[in-house]
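So the structure is just underneath, and the comments pick up after that.
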Amino acid sequence: MAGLKQVSLLSFSKGKGNDEILDKAGIDELKPHQEEIIRELRKCKEDNRGTLISAPTSSGKTIPVILHISDYIREGGRVIYAVPLKALVNEKFNEIKKLLGDFAVVGRVGEEDAWKKDIVVGTYEQLYSHLLRSPDDFKNFSLIILDDFHVLYDKKRGFTVEKLATLARMNNIRIVAMSATIEPLDEIAEWIRGEPLKYGKEARTVPLSYEVLELEKGEDVVDKIRENMKPCIIFCSKKQEAESRAQKLTEKLKSTSLSLFEKQIGKKEKRRLNVQEILGEFDRKGVNITEYEEELSECITKGVAWHHSDVDERVKDLIEKWYNEGYIDFLFATTTLAYGFNSPTRTVIIADITRWDRDTRKSDFIPVYEWLQMAGRAGRLGFSEGGVVYTCVRSEEQRNVVESKYHAERVEECESSMSEDDFFRKAILELIDAGMNTDKRIKEFFLNTYYYARGKRKIKWIPPDIEKEIKEHVKALHKLGLILPTHAGYKLTDFGKITAGFLQKTHRWYELSEFSMLREDIKSRDEIKSSSEAIVITLRHLKPLRLEPSEGKGKNKIDDYFKQRFNRLPEYYEYTAYIVLGEWIKGRRIENIEKDYGRWAIYVKSIAEDLWKALKFFFKDVAEFEKVKLPKDFDLMVDRVKYGLSSYEVPLTEVRGFGRERIHQLYLRIKEVAKMNKRLGERLKVDRTIIDTLAWYFKERGEKQFKEDLKKWKIKYVGEKMIDRLVEFLKNKLKS
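If you want my numbering, it's the 1-based position in the sequence shown plus 10.
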């Protein structure tokens, strides 16, 4: 590849308006590889060929693609733009609108008339789901952009990337895929009917330096963090570690003098956000404030935060915003932040290069492509002039791996997720659900997959017998009770419809066999005797809903309970059932649950949310279909699981903004006041819900005095705005 000497815009063959686009993008001069990409894209367009652009992160590959899109739009074409994350949809939408908005109408999946716009932006999941069921919408588009195409490596999310590219290929839509380093480049390019363009480190506009950070025995990455590293992202292999390290650094910043922390001389300290500001923003976004958000806000006041898949999406958006604005200096994250996050990051620290694999039950080194994605968050184009990537090592073996594999960027070859039976079967299930339900249509789909293309290249003289594989998997789906053969092809059974519908509502990865076993368990009973039993049954079969207990007093406490009551140790799923039923739905604070059971138990909030979905949208539907009687309090218990509240408290969740912590704090305050107010105390004994009690108290005191009383009670998180909402709700209740 050519070096990085700059090329004048005069040498760039400009189309009408392209100079204005570059001006809006703040680009005065293009690099040689950008000019080459522009030329190759135009050539591929003339030849009706796709393009696979492989270049390091922050090498400026997006702007040539934006210019290519502008050519399409000016010629009357229309474009689909796919990104891996919901957070990136708005970012890409705003970027395209800013650069091309003078002559192109941009829409987002889910918006009204989005598919009538010149450019439609969406996640891979959104676009695949829509286009699978509405293939006619493909007819009006001639180009699809697949951004962050290296997500194809990811076993679970890459599954959807492959399926979307397969649909585009089937519909003869030209594909332009942008990727960081990906292999085998030629093979993948051939699959998308495109030409490969590969650029090495020299194309990276913002240089990165790779360093090793040695950790002695007993040391943690937090001990190595210094002031001059900020803004800094620290990637951790586990969510628990991201949080605990963030809290550890926060405590260190509270007690360590800045001089010991190597403060940069002459740098003016950025104003910090205070707890009230942070919680106020959370509230404005509609986030239910709990002690979890309180803990996070305490960290943010010191310029520290965490970011992972169990953090509320609205909170994650604010964290990213505050990090970009400089209010957060040190951000501890899992790989959720490794894809497409543009920020002024100077330093990336990769704290863990090994990860525990739940399937193989052993620890292994993370793949090189993943390391490169994390490393690529440093030194982003338009934000900084350089970046540093530190990789933590704890042994000589780890140092050798880092230097020989990661620093050398020896990327593995990408494999198709569909090589695993469950992925292949889910794809068939989705096709049948969408109406592609004949052997011919299913075969047509799989002949266009990367799975088939990869198989052909691996065994040149014996191509995969795709018909045989489809028959075997169809047979397995039939055995699981999900599909039935008909004279016109295949159709989903009622159970298959319930399963397919539920899979569209969840982000957790369940195996199809888990649903079948759960169904059989439900089916084997005449009735579910208690809602607690429904929870235990669900946790027994849906493995992703299980908390992983670590050794210690919390696990021992549960072990002792089972020994005393059942004369045995608990099964793995029963640890989660114990925490949900014994602690969470009784309204215990998460910090107290953590104190008693350890860090592993704090994810009960996230688990409870998905357990609620499984009970409401799968368990209940299956039980009704199989005519298995559910307990009368099932719906109430399902809501208790979601909110972590008693049956007395749950009804108040109807009031907008009243979540677990607000309601529980209000309940505790009512109980305190009732000790001094005999009539209120009597009401508490007979009222079935907190709404009954509050409605009585409102009538008793009158609106003005009711408001005054609640203000005097000084209920945590319940200010004037929330009191006004509560009053309006009670007035409407009393009218009805």
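Ideal placement from N, C-alpha and C gives every residue a C-beta, glycine not left out.
Bridge partners - residue i, DSSP secondary structure assignment
i, result
"histidine 78", "Answer is none; histidine 78 lacks a bridge partner."
"proline 66", "In the DSSP output, where bridge partners are listed per residue, proline 66 has none listed."
"glycine 499", "Thr496"
"phenylalanine 375", "Thr364"
"glutamate 193", "Glu423"
"threonine 516", "Threonine 516 pairs with nothing; no bridge assigned."
"cysteine 402", "Leu223"
"arginine 184", "Leu153"
"threonine 344", "Note: threonine 344 sits in no beta bridge, so no partner."
"arginine 92", "Before going on, a small fix: residue 92 reads as alanine here, not arginine. DSSP, once it has assigned bridges, lists Gly132 and Leu156 as partnering alanine 92."
"isoleucine 359", "Ile244 and Tyr400"
"leucine 528", "Bridge partners of leucine 528: none, in fact."
"glutamate 537", "Lys639"
"threonine 61", "Val186 and Glu205"
Contacting residues, own chain, Cβ-Cβ under 8 Å from residue i (five flanking each side not counted)
i, result
"leucine 522", "Asp432, Arg435, Lys436, Leu439, Leu487, Leu490, Leu492 and Thr509"
"lysine 507", "Asp443"
"lysine 102", "Tyr91, Val93, Val131 and Asp157"
"leucine 579", "Asp569, Phe572 and Lys573"
"leucine 289", "Ile299, Glu303, Glu304, Ser307 and Tyr727"
"isoleucine 235", "Cys242, Ile244, Leu259, Phe340 and Ile359"
"threonine 357", "Met239, Lys240, Pro241, Cys242, Ile243, Ala388, Gly397, Val398, Val399 and Tyr400"
"leucine 268", "Caution is warranted here: a pLDDT of 43 is assigned to leucine 268, below 50, making its placement in the model unreliable, and the coordinate value is therefore given only provisionally. Cβ neighbours of leucine 268 beyond the five flanking positions: Glu237."
"isoleucine 129", "Ile79, Ile83, Arg88, Val89, Ile90, Tyr91, Ile106, Leu110, Ala114, Val115, Val116 and Gly117"
"leucine 694", "Ile680, Lys681, Ala684 and Thr703"
"valine 737", "Phe708, Glu713, Phe716 and Lys717"
Residue from the options with nearest C-alpha to residue i
i, options, result
"glycine 499", "Ile442, Leu457, Tyr416 and Val632", "Ile442"
"leucine 204", "Val186, Asp320, Thr459 and Lys211", "One detail in the question is off: residue 204 reads as glycine in this sequence, not leucine. Measuring from the Cα of glycine 204, the nearest candidate turns out to be Val186."
"aspartate 606", "Lys567, Leu694, Tyr677 and Gln675", "Lys567"
"glutamate 581", "Ala611, Gln514 and Arg550", "Arg550"
"valine 181", "Arg167, Tyr416, Ala199 and Lys149", "Contrary to the premise, residue 181 reads as asparagine rather than valine in this sequence. Among Arg167, Tyr416, Ala199 and Lys149, the Cα nearest to that of asparagine 181 belongs to Lys149."
"phenylalanine 505", "Lys630, Asp320 and Ser560", "Lys630"
"serine 319", "Ile673, Leu95 and Gln408", "Leu95"
"arginine 420", "Tyr462, Ala190, Gln257 and Phe456", "Ala190"
"glutamate 659", "Arg598, Glu692, Asp164 and Ala463", "Arg598"
"aspartate 719", "Glu692, Asn687 and Lys743", "Asn687"
"methionine 428", "Val171, Ser247, Glu287 and Thr364", "Val171"
Distance CB(residue i)-CB(residue j) smaller than 9 Å
i, j, result
"valine 231", "isoleucine 359", "yes"
"tyrosine 134", "valine 161", "yes"
"lysine 588", "arginine 556", "One point to set straight first is that residue 588 is tyrosine, not lysine, in the sequence displayed. Taking 9 Å as the Cβ cut-off, tyrosine 588 and arginine 556 do not qualify as a contacting pair."
"valine 632", "isoleucine 545", "no"
"glutamate 301", "phenylalanine 292", "no"
"alanine 624", "threonine 503", "no"
"glycine 654", "lysine 717", "no"
"isoleucine 47", "isoleucine 76", "no"
"arginine 84", "phenylalanine 151", "no"
"leucine 218", "glycine 397", "yes"
"leucine 195", "proline 206", "yes"
"phenylalanine 627", "glycine 511", "yes"
"tyrosine 333", "serine 353", "yes"
"alanine 418", "phenylalanine 245", "no"
"valine 484", "isoleucine 452", "yes"
"valine 638", "alanine 618", "no"
"isoleucine 73", "isoleucine 37", "yes"
"glutamate 477", "aspartate 449", "yes"
"glutamate 530", "leucine 640", "no"
Cutoff 7 Å; reference residue i; Cβ partners in own chain excluding five residues on either side
i, result
"leucine 740", "Leu704, Ala705 and Phe708"
"leucine 142", "Leu177, Glu440 and Ala444"
"serine 68", "Arg214, Thr215, Val216, Gly386, Gly389, Arg390 and Leu391"
"alanine 253", "Correcting the residue identity first, residue 253 is glutamate in this sequence and not alanine. Once the five neighbours on either side are set aside, the close Cβ partners of glutamate 253 are Trp316."
"tryptophan 723", "Arg679 and Val683"
Cβ neighbours of residue i in the same chain (closer than 6 Å, five flanking residues each side left out)
i, result
"lysine 312", "Thr260 and Leu263"
"lysine 726", "Gln675"
"arginine 324", "Lys295 and Val297"
"threonine 364", "Ser373 and Phe375"
- Write down every uninterrupted run of the beta strand (DSSP E) in the segment 611-668 whose length is 3 residues or greater and which is fully enclosed by it, in chain order. none
- Item | Segments of 3+ residues assigned as beta strand (DSSP E) that fall wholly inside the segment 543-584 | none
- Please list the segments of the beta strand (DSSP E) lying wholly inside the segment 99-178, counting only runs of 3 or more residues, in order along the chain. 116-118, 129-133 and 153-156
- Residue ranges of each alpha helix (DSSP H) within the segment 194-264, 4 or longer: 195-201
- Message: Extract the residue ranges of the alpha helix (DSSP H) inside the segment 270-341, only unbroken runs of 4 or more that lie entirely within it.
- Response: 285-294, 301-310 and 323-335
- Every unbroken alpha helix (DSSP H) inside the segment 409-464 [4 residues or more]: 431-443 and 449-457
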